[in-house]
Structure formats: structure tokens, C-alpha cells
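Input: a single structure, listed below in C-alpha cells.
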Amino acid sequence: MAETPATGGAPLRGAPSVVLIDDHELVLDGLRRALERAGWTVSGAFTDPEQALRHLANNEVDVVVVDLRLGRHSGLTVLEAVRALGLSASVAVLTSYADSSAASEALRAGARGFLLKDTGSAELVDRLRAVAAGDLVVDGRVAQTLGAAEEEVLTAQEIAILGAVARGLTNRQIGAELYLSHYTVKEYLARIMRKLDTRRRAETVVRAVEMGLLRDHGRPPARERP
């Protein structure tokens with residue numbers, strides 16, 4: 004499965020800002036240098052997640068990059084704390100482990116990225132920029148193992164519609180792109196949610212990503228006539 008960005012965020016104005024959390028100083032230094040070279044503002048870099056959360060409570064940033072394993076702490080607890088604080092920052096998990104169960108748990112907890120540390124620095128910065136813009140980005144090596152469901156769970160038209168939802172389009176915009184009325188789009192979405200046992204659009208996109216159903220949804224779907 005290829006990289007799976009769910010494009011839905013608006014373009015960022017100015018340089019993205021980021022907080023880095025990892026229990027290895029060398030990793031923090033490398034990330035800081037790569038991001039600053041790309042024009043990012045590194046608001047803080049922390050080995051202690053509790054210090055990081057205190058910083059985040061008083062400093063607004065676009066992205067939080069956190070390791071999955073932080074000594075006696077877990078990156079998932081940082082995710083939960085970010086949600087509890089009501090912060091607007093997107094959280095990207097950056098780990099050495101291509102663990103699909105951990106990825107699934109992180110996505111359910113609200114992560115907007117699940118990335119691997121062996122990714123090249125330029126590519127990693129690009130993926131984090133997508134996360135900062137509101138996209139959902141999962142490393143392809145993890146995404147291909149996230150679900151055992153067959154793609155036939157959804158029809159080609161349903162996948163095209165859900166892909167457009169993932170790109171942030173409204174029902175009317177989706178209808179215009181696929182030559183459908185917005186009422187028909189609404190009916191399709193209701194059917195998709197019943198199939199995937201979800202209730203909200205964002206939840207439906209996350210579930211579809213976990214199941215491996217949106218392999219190409221980072222690209223606009225081909226126009227189809229019903």
C-alpha cells in the first residue's frame with residue numbers, strides 16, 4: 004500500500020511550528036536541524052513529555068512530533084493529553100517500529116500521522132508538512148498491514164466519494180466532481196457509514212484508512228458519470 008495522506012487541510016500561512024518529543028537527544032537534534040533547514044519554527048524539543056506538555060499548554064504550535072516509546076512513558080499518553088488540553092496541534096507519531104496495532108491505536112487516539120524514523124529527512128519533512136496542513140499520513144509500510152479487509156467492502160464509486168471526503172470536499176463539491184447530485188452523495192455517505200459502522204465523516208475516513216480502503220485517495224479520483 005502506498006503512502007496514505009488524507010488531504011483535507013487548508014494550505015498553511017507562513018512557516019509551520021512544531022514541538023518535538025523523543026527520549027534520544029540525537030534524534031531531537033537531527034529532527035530540529037532538518038526542520039529548521041526547511042523553514043520550520045521549532046518551538047521546543049523535549050526528552051521529558053511532561054515538560055513538553057507544560058510547554059504546549061502555553062505555546063500554540065501546528066504539529067507535535069512524538070516518539071511512540073519514551074522510556075517509562077508512551078507517545079499515546081501524549082496524544083491523550085493533547086486531546087484533553089483541547090489543543091489544535093496535529094500530532095504525528097514518529098517511531099522505529101512498523102507496528103500496525105500501535106498505528107491503529109494511535110489513529111483512534113487522534114494522531115494525524117504515523118511515520119517511521121528511517122524515512123529520509125527531506126521526505127519526512129514533506130510528510131510532516133502534510134500533517135501540519137491537516138492531512139492524515141501513514142507510512143506505506145504500516146498502512147498495508149492495518150486491515151485485512153478486501154477493497155471490495157466498498158464499491159469503486161463509494162471509494163471515490165470517501166476519497167473526496169478525505170480531501171476535505173463538501174457534498175456539493177463531491178457531486179460536482181463526480182457528476183452526482185449532493186443528495187446522491189449524502190445517500191452514498193450514509194451507506195458507507197453503515198458498512199464501516201461509523202457515524203462521522205472524519206471517523207469514517209480513519210476507519211477506511213485502517214482497513215486499507217483508500218490506497219490512492221491522496222490523488223483526486225477520476226471523474227465518473229453515474
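In my numbering, the protein residues as written are 4 to 229.
By construction, the Cβ of each residue, glycine as well, lies at the ideal position given by its N, Cα and C atoms.
| Item | Value |
| --- | --- |
| Helix, strand or coil at S77 according to DSSP, with G and I counted as helix | strand |
| Residue interval of the beta strand (DSSP E) (run including T173) | Counting along the chain, T173 falls outside any beta strand (DSSP E), and DSSP gives it neither H nor E. |
| C-beta contact flag for L23 and A48 at 8 Å | yes |
| Continuous alpha helix (DSSP H) assignments of at least 4 residues falling wholly in the stretch 8-68 | 28-40 and 52-59 |
| Cβ-based burial, S46 [other Cβ within 10 Å; buried from 16] | buried |
| Reduced DSSP category for T3 - H, G, I as helix; E, B as strand; rest coil | With the chain represented from 4 up to 229, any question about residue 3 goes unanswered, as that position is not in the structure. |
| Minimum C-alpha distance to Q54 - residue among L217, L73 and R203 | L73 |
| DSSP bridge partner residues for V208 (one or two, in chain order) | In the DSSP output, where bridge partners are listed per residue, V208 has none listed. |
| Three-way DSSP call (helix, strand, coil) for D200 in this model | coil |
| Exposed unless 16 or more other CB atoms sit within 10 angstroms - verdict on R75 | exposed |
| Integer-rounded CB distance, given that V134 should sit under 8 Å from A95 | 5 Å |
| Start-to-end residues for the beta strand (DSSP E) that takes in L118 | G116 to L119 |
| Per-residue burial, L88 [other beta carbons within 10 Å of its own, 16 or more giving buried] | exposed |
| For S184, the three-state DSSP class (helix, strand or coil) | coil |
| Neighbour-count burial assignment, T98, 16 or more Cβ in a 10 Å radius | buried |
| Beta-carbon proximity check, R57 vs S93, cutoff 8 Å | no |
| Residues of its chain near T50, where Cβ-Cβ distance is below 6 Å and the 5 sequence neighbours each way are ignored | D26 |
| Residue range of the alpha helix (DSSP H) that includes D142 | Here D142 belongs to no alpha helix (DSSP H), and DSSP marks it neither H nor E. |
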